[in-house]
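So the structure is just underneath, and the comments pick up after that.
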């Protein structure tokens, strides 16, 4: 009987060890949010970002799966519960809140940085930003990150947007419509928006470019150790030096990764909210 008891104890211990190994090797989860733009479905997001997930997984010697956080509510709940091991998201205030409130750590952000662009029609008489006081502004919807970004920038440039004439629009493309049809004199858009990429072609002129802020940040759950984050950062920085890495960056739509924006990420929400 003692012999059988010992066998049972050994078997039970082996099962526990095996179970813990299986659990340790379970795939990690990287949530992707492209905000309200893009219109991709889950399969397209996996195809677009799985190469990046494989690079991260290679640094950790673990499998990393991509999930699409289509709604901001699911992104927030996944960060608060710690369900997501990694989050790469725009707008940038979501990863910034994950760092401030949910114990996530900064890993990297995308290049080029994000800016608010203040634009006017090419034939506008407004040639300097201070000439925009009292003019009609068209801006993204008031609760959006980019609207808050642009208002913070204009605040720092001496504008009180509560006293200015502002029309908030649902889509950034509508900013161009308002300017083109003379419903507004000045527009505010994201530097990474579709309108910004074809601004001159569509007949608009850059009046002012804001300070830079981190774009499309990648953050890691508190379960990811500092040495693991360093290993990931090393691989991300190396992407632009190989053809395969360049293809991954191109597929995502960025030039490279930056790992030096920790302070900017830590201060982003304070800047937006002051």
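Numbering (our numbering), first residue to last: 1280 to 1553. All residues carry an ideal CB built from backbone N, CA and C; glycine is no exception. Bear in mind that the values here come from a model prediction, so they are computed numbers and not experimental data.
If contact is defined by three or more beta carbon pairs under 8 Å, each pair taking one atom from either stretch, is the region 1400-1411 in contact with the region 1480-1494?
Touching, yes.
Can you give me the Cβ contacts of residue 1550 inside the same chain, cut-off strictly under 7 Å, excluding the 5 residues immediately before and after it?
What you label residue 1550 is simply residue 271 of the chain shown in a count that begins at 1. So the qualifying residues of the chain are 1431.
List the whole-angstrom C-beta distance separating residue 1489 from residue 1412, where the pair is believed to meet the contact cut-off of C-beta under 8 Å.
Taking the chain shown and counting its residues from 1, the one referred to as residue 1489 is at position 210. Taking the chain shown and counting its residues from 1, the one referred to as residue 1412 is at position 133. So it is not a contact: roughly 17 Å between Cβ atoms.
Report yes if the CB atom of residue 1465 is closer than 9 Å to the CB atom of residue 1385, and no otherwise.
Counted from its first residue, the chain shown places residue 1465 at position 186. Counted from its first residue, the chain shown places residue 1385 at position 106. Taking 9 Å as the Cβ cut-off, residue 1465 and residue 1385 do not qualify as a contacting pair.
DSSP three-state assignment for residue 1478, whether helix, strand or coil:
As a first step, residue 1478 must be located in the chain shown, where it is residue number 199. Coil, per DSSP.
Output the distance between the C-alpha atoms of residue 1313 and residue 1325, rounded to the nearest integer angstrom.
Position 34 of the chain shown, counted from the first residue, corresponds to residue 1313. Position 46 of the chain shown, counted from the first residue, corresponds to residue 1325. Cα to Cα, residue 1313 sits roughly 12 Å from residue 1325.
Could you tell me the alpha carbon to alpha carbon distance between residue 1534 and residue 1327, rounded to whole angstroms?
On the chain shown, residue 1534 is found 255 positions in, with the first residue counted as 1. On the chain shown, residue 1327 is found 48 positions in, with the first residue counted as 1. The straight-line gap from Cα to Cα measures roughly 15 Å.
If you measure between the beta carbons of residue 1508 and residue 1330, is that distance less than 9 Å?
Along the chain shown, one-based indexing puts residue 1508 at 229. Along the chain shown, one-based indexing puts residue 1330 at 51. Cβ distance not < 9 Å, so residue 1508 and residue 1330 don't count as in contact.
Can you tell me whether residue 1392 sits near the ligand PLP, meaning its C-beta is under 8 Å from at least one heavy atom of the ligand?
This structure does not include the ligand PLP; it has no bound ligands of any sort.
Could you check whether residue 1366 and residue 1348 sit closer than 9 Å to each other, using their CB atoms as the reference points?
On the chain shown, residue 1348 is found 69 positions in, with the first residue counted as 1. On the chain shown, residue 1366 is found 87 positions in, with the first residue counted as 1. Yes, these two residues count as a Cβ contact at 9 Å.
Do residue 1392 and residue 1569 have their beta-carbon atoms positioned less than 9 Å apart in this structure?
Because the chain in this structure spans residues 1280 to 1553, residue 1569 falls outside the shown range and cannot be described.
Judging by CA-CA distance, which residue of 1342, 1353, 1494, 1453 is the nearest neighbour of residue 1474?
One-based indexing of the chain shown puts residue 1474 at position 195. For the residues 1342, 1353, 1494, 1453, the minimum Cα distance to residue 1474 belongs to 1453.
How far does the alpha helix (DSSP H) with residue 1333 in it extend, from its first residue to its last?
Residue 1333 sits at position 54 when you count from the first residue of the chain shown. Here the alpha helix (DSSP H) through residue 1333 covers 1321-1339.
What does the alpha-carbon distance come out to for the pair residue 1311 and residue 1345?
Reading the chain shown from its first residue, position 32 is the one you call residue 1311. Reading the chain shown from its first residue, position 66 is the one you call residue 1345. When rounded, the distance between both Cα atoms is 7 Å.
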